[in-house]
Amino acid sequence: MGFSSETLAKAKSIISDRKISAEAEAEARLRRLHEEIPELREIDAAFPKLGASIVSLVTENMTEAQREERIEALKSESRELEEARADCLELKGYPADYTEPHYFCGKCGDTGYVGVKMCECLRKECVLLGYESSGLGVLLGKQKFENFSLDFYSGADRTAMRYNYDTCFRYAENFGNDSGSMLFIGDTGLGKTHLSTAIAGRVIERGFDVRYETAQNLISVFSRERFGRGYGDAYTDDASERYFGCDLLIIDDFGTEENNQFSVSVFYNLINTRINRGMPVIINTNLREKEIRARYADRITSRLFGEFLVLAFPGKDIRMQNLK
24 MGFSSETLAK
34 AKSIISDRKI
44 SAEAEAEARL
54 RRLHEEIPEL
64 REIDAAFPKL
74 GASIVSLVTE
84 NMTEAQREER
94 IEALKSESRE
104 LEEARADCLE
114 LKGYPADYTE
124 PHYFCGKCGD
134 TGYVGVKMCE
144 CLRKECVLLG
154 YESSGLGVLL
164 GKQKFENFSL
174 DFYSGADRTA
184 MRYNYDTCFR
194 YAENFGNDSG
204 SMLFIGDTGL
214 GKTHLSTAIA
224 GRVIERGFDV
234 RYETAQNLIS
244 VFSRERFGRG
254 YGDAYTDDAS
264 ERYFGCDLLI
274 IDDFGTEENN
284 QFSVSVFYNL
294 INTRINRGMP
304 VIINTNLREK
314 EIRARYADRI
324 TSRLFGEFLV
334 LAFPGKDIRM
344 QNLK
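Have a look at this one:
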(Lines of atoms letter the chains of each structure in order from A and count residues from 1; the text may use other names and numbers.)
(Lines give C-alpha, C1' and ligand atoms only; values in the text may rest on other atoms or scores of the structure.)
Protein backbone atom coordinates (compact mmCIF):
# COMPACT_ATOMS: atom_id res chain seq x y z
CA MET A 1 0.00 0.00 0.00
CA GLY A 2 1.34 3.41 -0.93
CA PHE A 3 0.76 6.70 0.81
CA SER A 4 -1.95 9.02 -0.47
CA SER A 5 -0.97 11.31 -3.33
CA GLU A 6 -1.48 14.36 -1.11
CA THR A 7 0.74 13.00 1.66
CA LEU A 8 3.41 11.87 -0.81
CA ALA A 9 3.42 15.25 -2.56
CA LYS A 10 3.86 17.11 0.74
CA ALA A 11 6.64 14.76 1.84
CA LYS A 12 8.45 15.12 -1.49
CA SER A 13 8.22 18.89 -1.14
CA ILE A 14 9.87 18.71 2.30
CA ILE A 15 12.66 16.51 0.95
CA SER A 16 13.10 18.75 -2.11
CA ASP A 17 13.39 21.84 0.09
CA ARG A 18 16.15 20.12 2.05
CA LYS A 19 18.05 19.39 -1.15
CA ILE A 20 17.69 22.96 -2.42
CA SER A 21 18.80 24.33 0.95
CA ALA A 22 21.84 22.02 1.17
CA GLU A 23 22.98 22.93 -2.34
CA ALA A 24 22.42 26.65 -1.78
CA GLU A 25 24.48 26.53 1.43
CA ALA A 26 27.26 24.65 -0.40
CA GLU A 27 27.28 27.28 -3.15
CA ALA A 28 27.49 30.04 -0.55
CA ARG A 29 30.45 28.33 1.14
CA LEU A 30 32.18 27.97 -2.23
CA ARG A 31 31.75 31.66 -3.04
CA ARG A 32 33.22 32.66 0.32
CA LEU A 33 36.24 30.39 -0.17
CA HIS A 34 36.86 31.66 -3.68
CA GLU A 35 37.16 35.14 -2.22
CA GLU A 36 39.33 33.93 0.64
CA ILE A 37 41.56 31.53 -1.35
CA PRO A 38 42.48 32.69 -4.90
CA GLU A 39 44.36 29.43 -5.52
CA LEU A 40 41.16 27.46 -4.98
CA ARG A 41 39.31 29.69 -7.43
CA GLU A 42 41.98 28.99 -10.08
CA ILE A 43 41.81 25.23 -9.49
CA ASP A 44 38.02 25.19 -9.77
CA ALA A 45 38.22 27.25 -12.98
CA ALA A 46 40.42 24.53 -14.49
CA PHE A 47 37.83 21.77 -14.09
CA PRO A 48 35.40 23.06 -16.76
CA LYS A 49 38.29 23.47 -19.23
CA LEU A 50 39.34 19.90 -18.53
CA GLY A 51 35.81 18.69 -19.17
CA ALA A 52 35.67 20.59 -22.46
CA SER A 53 38.91 18.94 -23.54
CA ILE A 54 37.46 15.48 -22.87
CA VAL A 55 34.35 16.29 -24.91
CA SER A 56 36.42 17.62 -27.82
CA LEU A 57 38.20 14.28 -28.15
CA VAL A 58 35.08 12.85 -29.77
CA THR A 59 35.47 15.07 -32.84
CA GLU A 60 39.28 15.25 -33.10
CA ASN A 61 40.95 13.31 -35.91
CA MET A 62 43.13 10.67 -34.24
CA THR A 63 43.44 6.92 -33.93
CA GLU A 64 41.58 5.03 -31.22
CA ALA A 65 44.84 4.33 -29.44
CA GLN A 66 45.76 8.00 -29.47
CA ARG A 67 42.28 8.89 -28.15
CA GLU A 68 42.56 6.39 -25.28
CA GLU A 69 46.03 7.71 -24.42
CA ARG A 70 44.73 11.29 -24.39
CA ILE A 71 41.75 10.32 -22.20
CA GLU A 72 44.05 8.67 -19.67
CA ALA A 73 46.22 11.78 -19.61
CA LEU A 74 43.20 13.99 -18.96
CA LYS A 75 41.99 11.65 -16.20
CA SER A 76 45.41 11.88 -14.58
CA GLU A 77 45.26 15.66 -14.81
CA SER A 78 41.83 15.60 -13.21
CA ARG A 79 43.10 13.51 -10.30
CA GLU A 80 45.96 15.93 -9.80
CA LEU A 81 43.55 18.85 -9.70
CA GLU A 82 41.38 17.05 -7.12
CA GLU A 83 44.43 16.35 -4.96
CA ALA A 84 45.60 19.95 -5.30
CA ARG A 85 42.13 21.15 -4.32
CA ALA A 86 42.00 18.92 -1.22
CA ASP A 87 45.51 20.03 -0.20
CA CYS A 88 44.54 23.67 -0.67
CA LEU A 89 41.49 23.31 1.56
CA GLU A 90 43.40 21.32 4.20
CA LEU A 91 46.14 23.95 4.29
CA LYS A 92 43.51 26.57 5.17
CA GLY A 93 41.91 24.32 7.78
CA TYR A 94 38.89 23.11 5.81
CA PRO A 95 37.85 19.48 5.18
CA ALA A 96 38.05 18.24 1.59
CA ASP A 97 34.24 18.06 1.28
CA TYR A 98 33.63 21.51 2.79
CA THR A 99 32.18 22.93 -0.43
CA GLU A 100 30.08 19.84 -1.17
CA PRO A 101 26.35 19.83 -0.28
CA HIS A 102 25.76 18.41 3.20
CA TYR A 103 22.52 16.56 2.56
CA PHE A 104 20.11 15.71 5.37
CA CYS A 105 20.01 12.13 4.12
CA GLY A 106 23.28 10.68 2.94
CA LYS A 107 21.60 7.62 1.46
CA CYS A 108 19.58 9.39 -1.23
CA GLY A 109 21.16 12.86 -1.34
CA ASP A 110 17.75 14.34 -0.44
CA THR A 111 16.08 13.00 -3.58
CA GLY A 112 13.75 10.72 -1.63
CA TYR A 113 14.74 7.65 -3.64
CA VAL A 114 17.63 5.20 -3.73
CA GLY A 115 17.44 4.02 -7.31
CA VAL A 116 13.73 3.38 -7.86
CA LYS A 117 13.07 2.48 -4.21
CA MET A 118 11.60 5.00 -1.78
CA CYS A 119 14.24 6.10 0.71
CA GLU A 120 13.57 5.70 4.41
CA CYS A 121 13.76 9.49 4.86
CA LEU A 122 10.83 10.05 2.48
CA ARG A 123 8.84 7.24 4.07
CA LYS A 124 9.45 8.76 7.52
CA GLU A 125 8.13 12.14 6.36
CA CYS A 126 5.03 10.44 4.92
CA VAL A 127 4.42 8.72 8.25
CA LEU A 128 4.90 11.96 10.22
CA LEU A 129 2.46 13.75 7.92
CA GLY A 130 0.05 10.88 8.41
CA TYR A 131 0.33 11.32 12.17
CA GLU A 132 -0.27 15.04 11.81
CA SER A 133 -3.34 14.70 9.60
CA SER A 134 -4.90 11.81 11.55
CA GLY A 135 -6.17 14.03 14.35
CA LEU A 136 -4.54 11.90 17.06
CA GLY A 137 -1.69 14.30 17.85
CA VAL A 138 0.54 13.29 20.76
CA LEU A 139 -1.56 10.21 21.52
CA LEU A 140 0.20 8.32 18.73
CA GLY A 141 3.48 8.62 20.59
CA LYS A 142 2.01 7.48 23.91
CA GLN A 143 -0.57 4.83 23.08
CA LYS A 144 0.98 1.91 21.24
CA PHE A 145 0.64 -1.85 21.27
CA GLU A 146 4.05 -2.04 22.94
CA ASN A 147 2.93 -0.15 26.04
CA PHE A 148 -0.57 -1.57 26.43
CA SER A 149 -0.56 -3.50 29.71
CA LEU A 150 -2.81 -6.38 30.73
CA ASP A 151 -1.64 -6.03 34.35
CA PHE A 152 -4.74 -4.03 35.23
CA TYR A 153 -7.02 -6.97 34.39
CA SER A 154 -7.50 -10.32 36.09
CA GLY A 155 -9.50 -13.50 35.68
CA ALA A 156 -12.15 -13.45 32.96
CA ASP A 157 -11.51 -9.73 32.33
CA ARG A 158 -7.88 -10.45 31.52
CA THR A 159 -8.86 -13.25 29.15
CA ALA A 160 -11.31 -10.94 27.37
CA MET A 161 -8.76 -8.15 27.09
CA ARG A 162 -6.10 -10.53 25.80
CA TYR A 163 -8.56 -11.45 23.06
CA ASN A 164 -9.26 -7.77 22.33
CA TYR A 165 -5.55 -6.95 22.20
CA ASP A 166 -4.73 -9.87 19.89
CA THR A 167 -7.68 -9.03 17.64
CA CYS A 168 -6.64 -5.37 17.36
CA PHE A 169 -3.00 -6.28 16.76
CA ARG A 170 -3.87 -8.68 13.93
CA TYR A 171 -6.27 -6.11 12.50
CA ALA A 172 -3.52 -3.46 12.34
CA GLU A 173 -0.90 -5.83 10.94
CA ASN A 174 -3.21 -7.14 8.23
CA PHE A 175 -5.16 -3.95 7.52
CA GLY A 176 -6.30 -3.49 3.94
CA ASN A 177 -9.19 -2.29 1.86
CA ASP A 178 -11.11 -5.46 2.70
CA SER A 179 -10.72 -5.09 6.48
CA GLY A 180 -13.97 -4.99 8.38
CA SER A 181 -15.27 -2.44 10.86
CA MET A 182 -15.17 -2.72 14.65
CA LEU A 183 -17.24 -1.39 17.55
CA PHE A 184 -15.51 -1.02 20.93
CA ILE A 185 -17.98 -1.01 23.84
CA GLY A 186 -17.09 -0.38 27.47
CA ASP A 187 -16.93 2.14 30.29
CA THR A 188 -14.43 4.98 30.26
CA GLY A 189 -10.78 4.22 30.98
CA LEU A 190 -10.76 0.58 29.86
CA GLY A 191 -8.38 0.85 26.90
CA LYS A 192 -10.68 1.54 23.95
CA THR A 193 -8.89 4.72 22.88
CA HIS A 194 -5.47 3.20 23.58
CA LEU A 195 -6.03 0.20 21.30
CA SER A 196 -7.76 2.21 18.56
CA THR A 197 -4.85 4.69 18.64
CA ALA A 198 -2.37 1.81 18.48
CA ILE A 199 -4.20 0.51 15.42
CA ALA A 200 -4.10 3.97 13.84
CA GLY A 201 -0.36 4.34 14.39
CA ARG A 202 0.49 0.98 12.84
CA VAL A 203 -1.89 1.49 9.91
CA ILE A 204 -0.39 4.93 9.18
CA GLU A 205 3.12 3.44 9.28
CA ARG A 206 2.02 0.94 6.65
CA GLY A 207 1.02 3.75 4.30
CA PHE A 208 -2.71 4.13 4.86
CA ASP A 209 -4.64 7.35 5.41
CA VAL A 210 -6.29 7.46 8.86
CA ARG A 211 -8.68 10.01 10.32
CA TYR A 212 -9.57 10.12 14.00
CA GLU A 213 -12.35 12.32 15.36
CA THR A 214 -14.61 12.51 18.38
CA ALA A 215 -18.29 12.17 17.63
CA GLN A 216 -18.93 15.72 18.85
CA ASN A 217 -16.29 17.28 16.62
CA LEU A 218 -17.37 15.24 13.64
CA ILE A 219 -20.97 16.43 13.93
CA SER A 220 -19.72 20.00 14.34
CA VAL A 221 -17.83 19.77 11.02
CA PHE A 222 -20.90 18.54 9.16
CA SER A 223 -23.11 21.10 10.90
CA ARG A 224 -20.88 24.04 9.95
CA GLU A 225 -20.75 22.93 6.36
CA ARG A 226 -24.47 22.41 6.00
CA PHE A 227 -26.02 25.13 8.11
CA GLY A 228 -23.23 27.61 7.62
CA ARG A 229 -23.93 27.81 3.87
CA GLY A 230 -27.59 26.92 3.70
CA TYR A 231 -29.73 23.84 3.39
CA GLY A 232 -29.23 23.58 -0.35
CA ASP A 233 -25.52 22.75 -0.07
CA ALA A 234 -24.30 19.20 0.19
CA TYR A 235 -22.46 18.62 3.45
CA THR A 236 -20.16 15.85 2.19
CA ASP A 237 -17.82 18.40 0.57
CA ASP A 238 -14.76 20.20 1.84
CA ALA A 239 -13.66 19.27 5.39
CA SER A 240 -16.22 16.52 5.85
CA GLU A 241 -15.05 14.71 2.72
CA ARG A 242 -11.99 13.47 4.60
CA TYR A 243 -14.27 11.25 6.67
CA PHE A 244 -15.60 9.58 3.54
CA GLY A 245 -12.30 9.27 1.68
CA CYS A 246 -9.79 8.08 4.29
CA ASP A 247 -8.72 4.44 4.41
CA LEU A 248 -9.67 4.10 8.07
CA LEU A 249 -12.03 6.31 10.08
CA ILE A 250 -11.97 6.17 13.89
CA ILE A 251 -14.86 7.78 15.78
CA ASP A 252 -14.28 8.22 19.51
CA ASP A 253 -16.84 8.99 22.24
CA PHE A 254 -19.75 7.84 20.08
CA GLY A 255 -22.92 8.76 21.96
CA THR A 256 -21.62 11.92 23.62
CA GLU A 257 -22.79 14.15 20.74
CA GLU A 258 -26.13 15.94 20.82
CA ASN A 259 -28.75 13.42 19.76
CA ASN A 260 -31.08 14.83 17.12
CA GLN A 261 -32.34 14.08 13.63
CA PHE A 262 -29.38 15.77 11.98
CA SER A 263 -26.68 13.87 13.93
CA VAL A 264 -28.45 10.55 13.34
CA SER A 265 -28.69 11.36 9.63
CA VAL A 266 -24.99 12.23 9.46
CA PHE A 267 -23.89 9.03 11.19
CA TYR A 268 -26.15 6.86 9.06
CA ASN A 269 -24.93 8.48 5.84
CA LEU A 270 -21.29 8.22 6.89
CA ILE A 271 -21.39 4.65 8.22
CA ASN A 272 -23.59 3.35 5.41
CA THR A 273 -21.50 5.01 2.68
CA ARG A 274 -18.22 3.70 4.05
CA ILE A 275 -19.55 0.16 4.49
CA ASN A 276 -20.95 0.16 0.96
CA ARG A 277 -17.55 1.30 -0.33
CA GLY A 278 -15.75 -1.36 1.71
CA MET A 279 -14.00 1.30 3.82
CA PRO A 280 -13.52 0.34 7.51
CA VAL A 281 -14.70 2.26 10.55
CA ILE A 282 -13.73 1.84 14.21
CA ILE A 283 -16.17 3.28 16.74
CA ASN A 284 -15.51 3.69 20.47
CA THR A 285 -18.44 4.18 22.83
CA ASN A 286 -19.14 4.16 26.57
CA LEU A 287 -22.75 3.18 25.85
CA ARG A 288 -24.00 -0.36 26.32
CA GLU A 289 -25.82 -2.19 23.55
CA LYS A 290 -29.25 -1.45 25.04
CA GLU A 291 -28.41 2.26 25.29
CA ILE A 292 -27.14 2.35 21.69
CA ARG A 293 -30.33 0.72 20.42
CA ALA A 294 -32.45 3.17 22.41
CA ARG A 295 -30.50 6.21 21.21
CA TYR A 296 -30.07 5.46 17.50
CA ALA A 297 -32.43 4.42 14.74
CA ASP A 298 -32.60 0.78 13.62
CA ARG A 299 -30.90 1.66 10.33
CA ILE A 300 -27.77 2.56 12.32
CA THR A 301 -27.89 -0.14 14.98
CA SER A 302 -28.51 -2.84 12.39
CA ARG A 303 -25.24 -1.80 10.78
CA LEU A 304 -23.33 -1.61 14.06
CA PHE A 305 -24.46 -4.98 15.42
CA GLY A 306 -24.89 -6.72 12.10
CA GLU A 307 -21.75 -5.77 10.18
CA PHE A 308 -19.25 -4.57 12.81
CA LEU A 309 -17.09 -6.83 14.95
CA VAL A 310 -18.14 -5.92 18.49
CA LEU A 311 -15.45 -5.99 21.19
CA ALA A 312 -16.59 -5.60 24.81
CA PHE A 313 -14.06 -3.95 27.15
CA PRO A 314 -14.47 -5.17 30.76
CA GLY A 315 -12.67 -4.17 33.95
CA LYS A 316 -12.20 -1.12 36.13
CA ASP A 317 -11.08 2.35 35.04
CA ILE A 318 -7.31 2.08 34.42
CA ARG A 319 -6.75 5.76 35.05
CA MET A 320 -8.31 5.45 38.51
CA GLN A 321 -6.20 2.37 39.22
CA ASN A 322 -3.09 4.35 38.25
CA LEU A 323 -4.05 7.12 40.66
CA LYS A 324 -4.36 4.59 43.46
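Take any residue in the sequence shown, count from 1 to its spot, add 23: that is its number in the numbering used here.
For every residue, glycine included, the Cβ atom is placed at its ideal position computed from N, Cα and C.
Discussion item. So, at 7 Å on beta carbons, what are the nonlocal neighbours of K115 in its own chain, with the 5 sequence-adjacent residues on each side left out?
Written reply: Reading the sequence shown from its first residue, position 92 is the one you call residue 115. Result list for K115: I60, in chain order.
Worksheet item: In chain order, which alpha helix (DSSP H) runs of at least 4 residues are fully inside the stretch 192 to 243?
Response: 215 to 228
Worksheet item: In the structure shown, what three-state DSSP assignment does I315 receive?
Response: Here residue 315 refers to the residue found at position 292 of the sequence shown. Helix.
Discussion item. Do I227 and G153 count as a contact pair if the criterion is CB distance below 9 Å?
Written reply: The residue given as residue 153 occupies position 130 in the sequence shown. The residue given as residue 227 occupies position 204 in the sequence shown. Yes, they are a contact pair.
Worksheet item: With burial defined as no fewer than 16 other Cβ atoms inside 10 Å of the residue's Cβ, what is the status of I38: buried or exposed?
Response: Residue numbering aside, residue 38 sits at position 15 when the sequence shown is read from its first letter. Counting the other CB atoms within 10 Å of its CB gives I38 a total of 16 or more, which places it among the buried residues.
Worksheet item: Of all the alpha helix (DSSP H) runs that stay within the bounds of the stretch 36 to 80, which reach a length of 4 or more residues?
Response: 61 to 79
Discussion item. Between V244 and L272, how many whole angstroms is the CB-CB distance? I'm expecting something under 8 Å.
Written reply: Taking the first residue of the sequence shown as position 1, residue 244 is located at position 221. Taking the first residue of the sequence shown as position 1, residue 272 is located at position 249. Contact doesn't hold; Cβ gap of about 12 Å is too wide.
Worksheet item: Secondary structure at F171, three-state DSSP: helix, strand or coil?
Response: Counted from its first residue, the sequence shown places residue 171 at position 148. Three-state result, F171: coil.
Item to complete: Compute the Euclidean distance between the alpha carbons of S101 and K72, then round it to the nearest angstrom.
Response: As a working mapping, residue 101 is identified with position 78 in the sequence shown. As a working mapping, residue 72 is identified with position 49 in the sequence shown. Roughly 11 Å separates the two Cα atoms.
Worksheet item: With distances taken from CA atoms, which of S156, F250, E314 is nearest F231?
Response: In the sequence shown, counting from the first residue as 1, residue 231 sits at position 208. It is S156.
Worksheet item: Should D133 go down as buried or exposed, given a rule of 16 or more other Cβ atoms within 10 Å for buried?
Response: As a first step, residue 133 must be located in the sequence shown, where it is residue number 110. Result: buried.
Worksheet item: For the beta strand (DSSP E) that V304 lies in, which residues bound it at each end?
Response: Taking the first residue of the sequence shown as 1, we reach residue 304 at position 281. Where V304 is concerned, the enclosing beta strand (DSSP E) starts and stops at 304 to 308.
Discussion item. When you compare the CB of V137 with every CB in chain C, is at least one pair closer than 9 Å?
Written reply: Here there is only one protein chain, and chain C is not present.
Worksheet item: Of the choices G338, K42, R108, whose alpha-carbon is the least far from that of T355?
Response: Any answer about residue 355 is impossible in this case: the structure gives the chain only from 24 up to 347.
Item to complete: Assuming A221 contacts Q166 (C-beta within less than 8 Å), just tell me the rounded distance between them.
Response: Looking up residue 221 in the sequence shown gives position 198. Looking up residue 166 in the sequence shown gives position 143. With 8 Å as the limit, A221 and Q166 qualify as a contact, their Cβ atoms being about 6 Å apart.
Worksheet item: What first and last residue would you give for the alpha helix (DSSP H) that runs through L97?
Response: Along the sequence shown, one-based indexing puts residue 97 at 74. In the DSSP assignment, L97 falls within the unbroken alpha helix (DSSP H) covering 87 to 114.
Fill in: N-terminal and C-terminal residue of the beta strand (DSSP E) that F331 is part of
To locate residue 331, count along the sequence shown from 1; it is residue 308. Boundaries of the beta strand (DSSP E) harbouring F331: 331 to 336, taken from the DSSP string.
Item to complete: Identify every residue that forms a DSSP beta bridge with L272.
Response: For this step, residue 272 is matched to residue 249 along the sequence shown. For L272, which the question treats as bridged, DSSP gives the partners R234, V304.
Practice prompt. Please indicate yes or no: does the CB of D275 lie closer than 8 Å to some heavy atom of the ligand NAP?
Written response: Among the components of this structure there are no ligands whatsoever, and the ligand NAP is therefore not found.
Item to complete: Please look up how many angstroms separate the CB atoms of R318 and N282, rounded, as I've assumed it's under 8 Å.
Response: Mapped onto the sequence shown, residue 318 falls at position 295. Mapped onto the sequence shown, residue 282 falls at position 259. That pair is a contact at about 6 Å.
Item to complete: Please state if the CB of S204 and the CB of L310 are separated by a distance shorter than 9 Å.
Response: The residue given as residue 310 occupies position 287 in the sequence shown. The residue given as residue 204 occupies position 181 in the sequence shown. Not closer than 9 Å, so no.
Discussion item. If I follow the unbroken alpha helix (DSSP H) through L163, where does it start and stop?
Written reply: Stepping through the sequence shown from its first residue, residue 163 is reached at position 140. 162 to 165 is the extent of the alpha helix (DSSP H) around L163.
Practice prompt. Just mark P124 as buried or exposed, buried being the case when its beta carbon has 16 or more other beta carbons within 10 Å.
Written response: Position 101 of the sequence shown, counting from 1, holds the residue named residue 124. When all chains shown are included, P124 counts as buried.
Fill in: Boundaries of the alpha helix (DSSP H) in which S157 is found, first to last residue
Translated into the one-based positions of the sequence shown, residue 157 becomes position 134. 143 to 157 is the span of the alpha helix (DSSP H), which, as asked, contains S157.
Discussion item. I believe G158 touches R234 by the beta-carbon criterion, under 8 Å. Please report the beta-carbon distance rounded to the nearest angstrom.
Written reply: For the purposes of this step, residue 158 is taken as the residue at position 135 of the sequence shown. For the purposes of this step, residue 234 is taken as the residue at position 211 of the sequence shown. Rounded, the Cβ-Cβ distance is 6 Å, consistent with contact.
Discussion item. Please report the straight-line C-alpha distance between R54 and S76, rounded to a whole angstrom.
Written reply: Locating residue 54 in the sequence shown gives position 31, counting from the first residue. Locating residue 76 in the sequence shown gives position 53, counting from the first residue. Just so you know, the alpha carbons of R54 and S76 end up roughly 25 Å apart.
Item to complete: Kindly identify the DSSP beta-bridge partner or partners of K140.
Response: Locating residue 140 in the sequence shown gives position 117, where the first residue counts as 1. K140 pairs with V137.
Discussion item. Let's test the definition: count the other Cβ atoms within 10 Å of the Cβ of F328 and tell me whether it reaches 16, buried, or not, exposed.
Written reply: By one-based count along the sequence shown, residue 328 stands at place 305. Exposed is the call here.
Worksheet entry | C-alpha gap between A183 and F336, whole angstroms | The residue you call residue 183 lines up with position 160 of the sequence shown. The residue you call residue 336 lines up with position 313 of the sequence shown. Whole-angstrom Cα-Cα distance: 8 Å.
Worksheet entry | C-alpha gap between C191 and L218, whole angstroms | Residue 191 sits at position 168 when you count from the first residue of the sequence shown. Residue 218 sits at position 195 when you count from the first residue of the sequence shown. One C-alpha to the other measures close to 7 Å.
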